[in-house]
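In the UniProt record's numbering, the protein residues as written are 1 to 119.
I have placed the structure first, in the form of structure tokens, so that the comments after it can refer back to it.
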Amino acid sequence: MDGEITAAELKTLLDTDEDVRLVDIRNRTAFERGHIPSSDNIPFEELPQRVEELDDDDHIVTICPLGKSSIQAARLIESYEGTNDTTIESLADGLQGWEYALESNNGNAETNDGTKAPF
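The structure is reproduced here in structure tokens:
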């Protein structure tokens with residue numbers, strides 16, 4: 001694992017259209033309530049079976065509510081040989097630290113003030 005990335009650093013990457021794959025490891029229901037735009041939902045318990053989906057990615061950021069489980073997810077992804085040349089980071093402080101817009105499956109975007117993280 002290459003470490004952690006702050007919400008501000010990730011926002012900058014996304015705003016400059018950097019090629020980064022966001023992997024939200026929360027369960028599907030929590031993800032549908034609100035997630036960082038362009039993130040993919042791969043629940044933690046499905047990650048070992050779905051890690052091959054990340055083969056072609058150059059930069060992966062894992063996301064969870066508090067930034068703890070996403071560290072474990074990043075380590076699991078790193079252990080997969082298909083991601084040897086991939087930069088793998090965990091979002092520091094998770095969604096709790098994300099102060100920017102979220103989107104939900106009903107299409108409504110909202111701003112996360114840190115106290116209403118959808119998890």
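Virtual Cβ for every residue (Gly too), placed ideally from N, Cα, C.
C-alpha gap between residue i and residue j, whole angstroms
i           : j    : result
Q49         : V20  : 21 Å
N105        : G34  : 7 Å
L54         : T83  : 7 Å
T12         : I36  : 13 Å
L14         : D85  : 21 Å
L76         : D57  : 15 Å
residue 190 : A7   : Nothing about residue 190 can be read from this structure; the chain reaches only from 1 to 119.
Y80         : E103 : 30 Å
Best match in the options for proximity to residue i [C-alpha to C-alpha]
i   : options                : result
D17 : S38, E45 and I42       : S38
V51 : L14, N27, E78 and E99  : E78
I63 : R75, E46, R26 and L47  : R26
D2  : I88, T29, L13 and L102 : I88
Close beta carbons around residue i, own chain, < 8 Å, minus the five adjacent residues each side
i    : result
A73  : V23, I25, F44, L47, T62, C64 and S90
G114 : Here the model assigns G114 a pLDDT of 45, short of 50, so the residue's position is not dependable, and the following value carries that caveat. Excluding positions up to five away in sequence, the list reads Q96, G97, W98 and E99.
K68  : G94
6 Å CB neighbourhood of residue i in its chain, flanking five on each side removed
i           : result
residue 120 : This structure gives no information on residue 120, because the portion of the chain shown stretches from 1 to 119.
F31         : D24 and N41
Chain B contact for residue i (CB, 9 Å cutoff)
i   : result
S38 : As a matter of chain content, chain B is missing from the structure shown, which is built from one protein chain.
Neighbourhood of residue i by C-beta distance below 7 Å, restricted to the same chain and skipping five residues each side
i   : result
I5  : V61, E89, L91 and A92
L10 : V61 and L91
> Taking the runs of the beta strand (DSSP E) that are 3 residues or longer, which of them lie wholly in the UniProt domain "Rhodanese" (16 to 104)?
Replying inline: Counting whole runs of 3 or more residues, the UniProt domain "Rhodanese" (16 to 104) contains the beta strand (DSSP E) stretches 21 to 24, 59 to 63, 87 to 91 and 101 to 103.
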